[in-house]
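When the letters of the sequence shown are read in order and numbered with numbering that gives the first Met the number 0, they come out as residues 0 to 142. Structure first, then comments.
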Amino acid sequence: MKVLKWLLVAVAVFGLIAVRVVESEIFYDPFQEFFHLANKHASFPDFNWLPLILNYLFRFGLNLLLSAAVVSLIFKNKQWTLQAIILILIVFVITFPIYLYCIHTKFEIGYLFSFYMRRFVIQPLILLLIIPLFYYRQHIQKV
0 MKVLKWLLVA VAVFGLIAVR VVESEIFYDP FQEFFHLANK HASFPDFNWL
50 PLILNYLFRF GLNLLLSAAV VSLIFKNKQW TLQAIILILI VFVITFPIYL
100 YCIHTKFEIG YLFSFYMRRF VIQPLILLLI IPLFYYRQHI QKV
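Right under this line is the structure:
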């Protein structure tokens, strides 16, 4: 059973990686190339708000689903999985409007700040904090 558990965790992690690998093919994100150039003097891209927001929400949904699967499979605790989902949602609810404001002001708030806000919106970075946190929590509860 342990082998199956870790195989499923690997599938979920590869799912997260796949979202990143195929991002340019399946998501509308004109800022991908803008930030890929790593030049704060690059011209601000033209974009449409509605497809942009919907694609960010879709990508977040995929990342959330796969991240929840990882937490659920590793810890086998529904309450912790729900807590992980809530933590991820809280971070998204905070960072997404900030990132949209950065876009609205054409990154006047700062190129690097906007870059990192985008990272929190499109990447499941919080998962990298949640897993060690829950491992520590699990260890403390056993003691």
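Built from N, CA and C at the ideal position, the CB exists for glycine as well.
Based on Cα-Cα distance, which residue from VAL20, THR80, GLN122 and PHE106 lies nearest to ALA68? THR80
Given 8 angstroms, three or more beta-carbon pairs between the segment 108–127 and the segment 83–98: yes
Same chain only: Cβ atoms within 7 angstroms of VAL8, ignoring 5 sequence neighbours per side: In the same chain as VAL8, and ignoring 5 residues on each side of it, the C-beta atoms closer than 7 angstroms to its own belong to VAL69, LEU72 and ILE73, in chain order.
According to DSSP, is LYS141 part of a helix, a strand, or is it coil? helix
Any alpha helix (DSSP H) of 4 or more consecutive residues that is wholly inside the segment 34–122: 48–74, 77–103 and 110–121
Just curious, the alpha helix (DSSP H) that PHE13 is in, first and last residue? 1–20
Just the Cα atoms here: how many angstroms apart are TYR115 and ASP45? 20 angstroms
CB LEU126 to CB SER66, shorter than 8 angstroms? yes
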